[in-house]
Every structure is written in C-alpha cells, then in structure tokens.
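>
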Amino acid sequence: MILSALGIAIGIATMIAVIGISSSSREQLLRQLDRLGTNLLTVSPGQTVFGEEARLPTTALDMVERIGPVRTASATGDVDTSVRRTDRIPEAVTGGISVQAATGGLLTTLEGGVAKGTWLNAATERQPAVVLGSKAAERLGVTRTGVRVWMGDRWFTVIGILEPMPLAPEIERSALVGFPVAERLLGFDGHPTTIYERSAEEAVEAVRAVLPRTVNPENPNEVEVSRPSDALAARAAAAGAFTNLLLGLGAVALLVGGVGVANTMVISVLERRREIGLRRSLGATRGQVRVQFLAESLLLSALGGVAGTALGALATAGYAVSRDWPPVVPPWAVGGAVGATLLIGTVAGIYPAMRAARMSPTAALSTS
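In terms of the numbering used here, the sequence shown is residues 23 to 390.
Below you can see the structure in the form of structure tokens.
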C-alpha cells in the first residue's frame with residue numbers, strides 16, 4: 023500500500039514541481055520586464071526592394087530624438103574589424119565578439135550598468151578606449167579594467183565592463199568604442215545599424231508607427247522596428263510548451279499510480295474475504311462494505327497526494343532559490359492535485375468495492 027501511495031506521490035510531485043517551476047520562472051520574467059520596462063524599441067535596417075541590405079541614414083538618431091514622446095535614444099554601428107586578446111591571435115578567431123561604435127547615451131537608454139570601470143564619455147569616445155559587454159569580457163578572459171586588447175591594427179585600453187543586459191544581448195557580446203574613434207581609427211562609415219529608443223509607456227505604439235518614416239522618410243519600408251521585451255515574452259511561451267510536455271509525463275506517472283492503487287485494492291479484497299464475510303454475517307449491508315473499501319482507496323490516494331504536493335512544493339522552492347527566482351506554487355495547482363487524487367482514488371476503488379460488496383457471506387467465511 024505504501025508503494026502504491028508512492029506512485030501517486032511521484033505523479034503529483036512531478037506535476038506540482040513542473041507547474042511551480044514554470045510559474046516561478048514566469049514571475050521572474052514579469053519582475054524582470056517590470057524592472058527593464060516594455061517601452062524600449064529598436065530600429066534596424068531591413069532590405070531594399072532589390073533584396074540588398076539597407077542602411078540607416080547618418081541623421082537617423084537625430085531624427086528619432088525629435089519625436090515628441092521619445093525620452094531617450096542612442097545608437098550603435100557595426101565596425102568591420104575584430105577584437106582579440108593579443109595581436110598573436112589570428113584575425114579569424116573572433117570568439118563571436120563583434121565590435122560596435124556606440125553613442126554616449128547608450129547605457130542610459132538601455133538602463134544598463136557598469137560592473138567595473140566606467141562608461142564612455144566625451145573624452146574617452148575619441149581615444150582608443152573600449153568598454154566590453156559581460157560575455158565579451160568573459161570570452162576574452164578580461165576580468166579587470168586597464169588591460170589592453172587588439173582591435174584593428176592597434177591596442178585599445180579596456181576602461182569598463184558592463185553588467186548583463188537581458189533586453190540587448192547583442193551588447194553583451196560586443197566591444198564598444200566611441201563613434202569618433204571608430205571613424206578615425208577603425209574605418210567606420212558613421213551609419214548606425216541599431217537605434218535604441220525609449221518613450222512613454224502609453225505612447226509606445228504611436229512612436230512605433232512613426233519611426234520608419236521618421237528614420238528614413240524616402241524609404242520607410244527599408245526600416246524594421248521591434249520591441250525586445252516581445253522576445254522575452256516569446257521565450258516564456260516556448261518554455262510553456264516544454265512545461266506542457268512535462269505535465270504530460272506527470273500525468274502518465276499519476277495514471278500509473280492510480281493503476282497501482284486499484285491493483286492494491288483488488289488484492290486487498292481477495293486477501294480479506296474472511297473479514298468481509300464476518301462483517302456481512304454480523305449485519306453489514308453491501309452498501310456499507312462498498313463504502314468501506316471506497317474510503318480506503320480514497321485515503322490511500324489522499325495520502326499519496328498530500329505527500330506528492332509537499333514534495334513538489336519543496337522541489338519548486340529549492341530550484342527557485344538556486345536560480346534566485348521567487349518561489350511560486352499557484353493555489354489552483356494545489357487544488358488540482360487534491361482533486362486529481364480524489365478522482366483517482368474514486369475510480370481505482372469502485373471495482374474493488376463492488377467486488378467486495380457482491381461476496382456471499384457464506385462463501386467468504388468458508389474461504390481458508
């Protein structure tokens with residue numbers, strides 16, 4: 023009976039843990055979106071009518087800043103060079119790190135932070151100084167400022183390392199220099215490749231509608247506008263599909279546990295025939311015998327359900343704390359677990375209860 027209850031517990035624990043971990047992840051995402059905001063829009067070049075890659079005008083950033091509801095805007099531009107730890111490393115070995123020119127307001131627009139050192143200013147954006155994204159610094163093996171990296175055909179000094187930026191993962195993998203030094207030393211053409219813009223929450227859709235024509239009045243169809251927070255929401259939806267798969271596995275485990283309970287109750291009826299016969303001969307009705315075995319089945323399932331709910335909640339809390347998430351177990355999941363165990367107990371106990379109630383008292387007492 024303990025093993026049968028364990029089967030129910032495993033199924034319930036799996037479902038509670040899956041729902042709890044998914045809910046904890048979703049809560050963390052919502053808190054992250056509240057902190058980062060959903061009012062960030064990015065503008066990037068699309069394609070021309072001939073299928074070629076378009077370019078944003080050099081005046082694009084100035085035009086965006088003139089839109090009324092826009093609070094802050096900044097830009098980055100791809101620089102056709104690589105960054106390496108030393109000049110001894112082949113140029114083809116980039117480590118997936120891109121070099122980008124950045125305007126001084128980038129950190130303000132992205133609401134990012136500097137983990138070590140400082141961000142570019144009016145002086146350093148004209149000098150061979152570079153700020154590394156968090157992943158770029160990790161791949162280069164740079165853990166402090168003041169060291170030098172090889173960019174283009176000269177050394178640049180690392181003056182800062184950025185904190186992670188969930189809404190701009192491309193910045194995390196970039197080495198950032200000022201627009202003036204990129205044009206003077208790295209052959210940058212001055213055309214931005216991405217413009218980041220924040221506006222009032224209530225004006226996001228209105229700004230989104232006018233951005234293409236503002237950025238490129240002659241060819242607005244060559245401008246693409248996106249909202250990074252939508253990518254986070256899409257990631258949550260993809261995680262939800264995986265959650266459904268795990269819930270299916272938990273349901274299978276729950277079904278197996280229910281079969282175990284039914285099997286245990288059938289064997290119990292066979293082994294307790296003399297008890298059943300004695301109760302019947304002392305005046306117990308078929309309904310009373312039926313209720314007895316059905317109650318035993320419900321109790322067995324309920325014990326497994328309570329144990330499974332506790333195990334699932336503990337698993338959720340442990341995993342959430344390890345990932346620095348808020349642990350969340352939705353009340354409806356606990357209610358659903360209780361309902362599922364009662365349903366399984368009822369279904370698993372109906373046949374054994376009916377079989378016990380149909381036993382003849384004389385035949386049951388004569389069983390050796």
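Idealized CB from N, CA, C, for every residue including glycine.
Give the DSSP bridge partners of TRP172, in chain order.
DSSP output for TRP172 lists ARG106 and TRP177 as bridge partner(s).
> Please name the residue, chosen from GLY279, VAL153, ASP84 and ASP175, that lies closest to LEU28 on a Cα-to-Cα basis.
Checking every option, the nearest Cα to that of LEU28 belongs to GLY279.
> Any idea what DSSP makes of ASP211, helix, strand or coil?
Residue state, collapsed to three classes: coil.
> Measure the CB-CB distance between GLY197 and VAL152 and report whether it falls below 9 Å.
Per the sequence shown, the amino acid found at residue 197 is Ala instead of Gly. Yes, the Cβ-Cβ distance between ALA197 and VAL152 is below 9 Å.
> For the putative contact between GLY299 and PRO383, defined by C-beta atoms under 8 Å, what is the C-beta separation to the nearest angstrom?
So it is a contact: roughly 5 Å between Cβ atoms.
> Of the residues VAL232, GLU74, TRP141 and LEU78, which one's Cα is nearest the Cα of PRO91?
Of the listed residues, the one whose Cα sits closest to PRO91 is VAL232.
> Would you tell me roughly how many angstroms separate the C-alpha atoms of GLN314 and MET287, rounded to the nearest one?
Spanning the two alpha carbons is a distance of roughly 11 Å.
> Is the distance from the Cβ of VAL10 to the Cβ of VAL171 below 9 Å?
Here the chain covers residues 23 to 390 and nothing more, so residue 10 does not appear.
> Using a Cβ-based criterion (distance less than 8 Å to any ligand heavy atom), does LEU365 qualify as near the ligand NAD?
Only the bare structure without any ligand can be found here, which leaves the ligand NAD out of the picture.
> Need the endpoints of the beta strand (DSSP E) that GLN122 sits in, please.
Run containing GLN122: 120–124, per the beta strand (DSSP E) assignment.
> Is DSSP giving GLU388 helix, strand or coil here?
The sequence given here has Ser at residue 388, not Glu. If DSSP states are grouped into helix, strand and coil, SER388 belongs with coil.
> Go ahead and pull the three-state DSSP assignment for THR64.
Strand, per DSSP.
> What would DSSP say about SER96, mapped onto helix, strand or coil?
Residue state, collapsed to three classes: strand.
> Within 10 Å of its beta-carbon, does GLY330 have 16 or more other beta-carbons around it, so buried, or fewer, so exposed?
Buried: at least 16 other Cβ atoms inside 10 Å.
> Starting from GLY279, follow its DSSP beta bridges and name the residues at the other end.
According to DSSP, which records beta bridges pairwise, GLY279 is partnered with nothing at all.
> Can you name, in chain order, every residue of its own chain whose Cβ lies under 7 Å from the Cβ of LYS157, other than the five neighbours on each side?
Counting only Cβ-Cβ distances below 7 Å, and skipping sequence neighbours, we find GLU194 and ARG195.
> Among residues of its own chain, excluding the 5 on either side of LEU325, which ones have a beta-carbon nearer than 7 Å to its beta-carbon?
Only ALA27 meet the Cβ criterion.
> How many angstroms separate the CA atom of THR64 from the CA atom of GLY367?
If I take the Cα positions, the gap works out to 55 Å.
> So for GLU219, helix, strand or coil by DSSP?
The answer is strand: DSSP assigns GLU219 an E or B state.
> Measure the CB-CB distance between ALA406 and ARG294 and report whether it falls below 9 Å.
Limits of the chain in this structure are 23 at one end and 390 at the other, which puts residue 406 out of reach.
> What first and last residue would you give for the beta strand (DSSP E) that runs through LEU304?
Note, LEU304: premise wrong, no beta strand (DSSP E); not H, not E.
> Can you tell me the Cα-Cα spacing of VAL464 and SER248, whole angstroms?
Limits of the chain in this structure are 23 at one end and 390 at the other, which puts residue 464 out of reach.
> If I follow the unbroken alpha helix (DSSP H) through ALA379, where does it start and stop?
It spans 353–380 - the alpha helix (DSSP H) in which ALA379 sits, taken as one unbroken run.
> Taking the beta carbon of ARG220 as the centre, do at least 16 other beta carbons fall within 10 Å, making it buried, or is it exposed?
When all chains shown are included, ARG220 counts as buried.
> Could you check where the beta strand (DSSP E) with ALA197 kicks off and where it finishes?
Residues 196–200.
> What first and last residue would you give for the beta strand (DSSP E) that runs through ALA151?
Counting along the chain, the beta strand (DSSP E) containing ALA151 begins and ends at 151–154.
> Report the rounded CA-to-CA distance for SER44 versus GLY270, giving the unit in angstroms.
Their Cα atoms are separated by approximately 14 Å.
> Given 8 Å as the limit, is there contact between the region 211–220 and the region 77–89, that is, 3 or more CB pairs closer than that?
As far as the Cβ criterion goes, the region 211–220 touches the region 77–89, which means the pair count is three or higher.
> Tell me the DSSP bridge mates of VAL247?
Paired residues: VAL65.
> For PRO242, collect the residues of the same chain with a Cβ closer than 8 Å to its Cβ; drop the 5 residues on either side in sequence, then sort them by chain order.
Excluding positions up to five away in sequence, the list reads PRO234 and ARG235.
> Compare the beta carbon distance of GLY371 and GLU318 with 9 Å and say whether it is the shorter of the two.
Going by C-beta atoms, GLY371 is nearer than 9 Å to GLU318.
> Who pairs with GLY139 in a beta bridge, going by DSSP?
GLY182, per the DSSP bridge assignment.
> Can you have a look at ALA145 and say buried or exposed, based on whether 16 or more other CB atoms are within 10 angstroms of its CB?
Exposed is the call here.
> If I'm right that GLY357 touches ILE30 with Cβ under 8 Å, what's the distance once you round it to whole angstroms?
Between ILE30 and GLY357 the Cβ distance is about 16 Å, and since that is not below 8 Å, they are no contact.
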